[in-house]
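Residue numbers 1 to 239, in full-length UniProt numbering, belong to the letters of the sequence shown in order. Every residue gets a Cβ at the ideal spot worked out from N, C-alpha and C, and that includes glycine. Report on the structure given below.
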Amino acid sequence: MNQPSFLDVISFGPGGWGAALLTGAVMTILIALSGFMIGSVIGTFGAWAKISGGRTIRVLADGYTTVLRGIPDLLVIYLFYFGGSAAVTAIGRFLGSEGFIGFPGFLAGALAVGITSGAQQTEVYRGAFRAVHRGEIEAAIACGMSRPLRFRRIIAPLTLRHALPGMGNVWQVVLKESALVSITGVVELLRQAQIGAGSTGMPFNFYIVAGGIYLMISTLSGAVLQRSERHFSRGVRRG
């Protein structure tokens with residue numbers, strides 16, 4: 001029996017793995033986006049806690065960023081998946097159910113990626129806020145702007161402008177972290193490539209294609225972030 005060619009493997013026709021790899025790529029993007037958005041919310045509150053919170057809140061925020069930036073991301077995914085499964089199983093038994101109940105793999109992965117990226121985004125937003133010139137905030141106060149209006153029209157846009165480069169770096173990290181979520185049973189791009197490699201005995205072909213898809217997603221998202229940076233930097237003189 002002749003071994004299929006490279007083009008046969010990645011095709012969308014009968015016996016091709018193109019559709020499966022594309023589905024895996026979509027799952028990768030969904031995991032990365034979900035984790036990044038969760039991390040953005042956590043990072044916003046974490047930065048606020050470090051900047052404006054009381055002593056206890058600042059200590060808790062510092063502890064959060066120190067712990068999450070100091071332990072492996074894979075360990076966090078394990079804790080969410082197996083810890084969540086243990087909790088769901090215990091609740092099920094309390095309600096009369098029997099047997100093991102697994103925590104949804106996608107949810108566990110998205111939460112774990114969000115928690116880890118939230119620690120990084122906390123520092124990104126905190127640094128971005130510190131980069132806002134104090135005189136711009138004082139000018140807004142002098143104009144009589146209320147605190148919500150000041151945040152909406154001055155602080156948030158300027159902070160976002162300074163945070164975008166760091167957010168781009170965090171996004172690239174989150175995109176690569178999404179490959180770790182396969183341990184929860186989610187079939188994302190890398191896991192699909194592993195399945196295809198095992199089924200056809202052509203690991204090099206599948207991993208090359210997976211690498212190309214990752215690079216394509218990374219390049220396109222990087223272009224979007226660069227365009228966003230230019231948009232929010234309109235009217236700013238560059239040195």
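Segment limits, alpha helix (DSSP H) that includes E229: P203 to F232
Counted within 10 angstroms of its Cβ, other Cβ atoms place V209 as buried (16 or more) or exposed: buried
Three-state secondary structure assigned by DSSP to L180: helix
DSSP three-state assignment for F129, whether helix, strand or coil: helix
Whether G196 touches F206 by CB criterion (8 Å): Contact flag set, yes.
CB of residue 269 within 8 Å of CB of V170, strictly: Residue coverage of the chain in this structure runs from 1 to 239, which leaves residue 269 outside it and unanswerable.
Simplified DSSP assignment, three categories, for G15: coil
Delimiting residues of the alpha helix (DSSP H) encompassing P148: In the DSSP annotation of this structure, the continuous segment of the alpha helix (DSSP H) that includes P148 starts and ends at R147 to R150.
Ranges of the alpha helix (DSSP H) found wholly within the segment 83-142, counting only runs of at least 4: 105-131 and 134-142
Terminal residues of the alpha helix (DSSP H) in which G63 lies: R55 to G70
Meets three-Cβ-pair contact criterion under 8 Å: the segment 143-156 and the segment 178-197: No: fewer than three Cβ pairs fall under 8 Å.
Alpha-carbon to alpha-carbon, M167 and T219: 15 Å
E188 classed as buried or exposed, judged by whether at least 16 other C-beta atoms fall within 10 angstroms: Looking at its Cβ environment, which holds 16 or more other Cβ atoms inside 10 Å, E188 is buried.
Same chain, Cβ closer than 8 Å to M1, five either side skipped, listed in chain order: Note on M1: pLDDT 49, under 50, position unreliable in the model; the coordinate value appears next. Once the five neighbours on either side are set aside, M1 has no close Cβ partner at all.
C-alpha gap between C143 and T159, whole angstroms: One Cα belongs to C143, the other to T159, and the distance between them is close to 20 Å.
Coil, strand or helix - S199 by DSSP: Looking at S199 - three-state DSSP - the assignment turns out to be helix.
Option nearest G46 by Cα separation, candidates T200, R150 and Q121: Q121
Cβ shell of A87 (< 6 Å), same chain only, five flanking positions each side left out: Counting only residues of its own chain and dropping the five nearest sequence neighbours on each side, A87 has no CB closer than 6 Å to any other CB.
Rounded straight-line distance, which links the Cα of T116 to that of K50: 17 Å
Spatial distance of M202 from A20 (CA atoms): If I take the Cα positions, the gap works out to 15 Å.
Distance between W48 and S34 (C-alpha atoms, nearest Å): 22 Å
CB of S233 within 8 Å of CB of R130, strictly: no
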